[in-house]
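Residue numbers (this note's numbering): 339 to 433.
For glycine and all other residues, C-beta sits at the position ideal for the given N, C-alpha and C.
Remember, it's a predicted structure, so these values are computed and weren't measured experimentally.
Notes follow once the structure below has been shown.
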Amino acid sequence: MQKALARAGLGSRRMAEILIEAGRVTIDGRVAELGNRVDADTQEIRVDGKLVPAAPSAVYFLLNKPPGVITTADDPQGRPTVVEMIDTEVRIFPV
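Written out as C-alpha cells, the structure reads:
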C-alpha cells in the first residue's frame with residue numbers, strides 16, 4: 339500500500355504510512371490499514387476522498403547533458419539541472 343501511494347507521487351512511503359495511520363486512505367471504500375495489499379490497477383484508492391491514479395509506467399529519457407548542467411532534481415545553488423531541460427509532467431529521477 340505504501341509503495342503504491344509513493345509511486346503515485348503522494349510523498350515518501352513513510353508519509354504514506356502517516357496517511358494510512360490517520361485513517362485518511364480508503365481502498366474500495368474501506369478504511370485502509372497498515373499491511374494492506376493493494377493492486378492500484380484494479381482497486382480504487384482514495385486519500386481524503388480524492389481518487390489516487392495508478393502510477394504511470396516507467397518512462398526513460400536519454401539526455402546528452404551540456405557542460406554546466408548538473409545531474410540532480412534541484413540545486414540550492416541555483417545551477418541549471420537536467421530536470422529543467424525536460425518538459426514533461428511525469429516525475430523525473432535523474433541518475
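With a beta-carbon spacing of about 7 Å, Glu359 and Leu372 fall inside the 8 Å limit used to define contacts.
Under the three-state reduction of DSSP output, Lys403 falls in the coil class, being neither helix nor strand. The alpha-carbon separation between Val369 and Arg351 amounts to approximately 18 Å. Inclusion of Val390 and Ala346 in the CB contact set at 8 Å is warranted, their separation being smaller than that value. Val397 sits close to Val428, with the two beta carbons spaced by under 8 Å. Between Ala393 and Ala378, the beta carbon gap of about 7 Å places them in contact (Cβ cut-off 8 Å).
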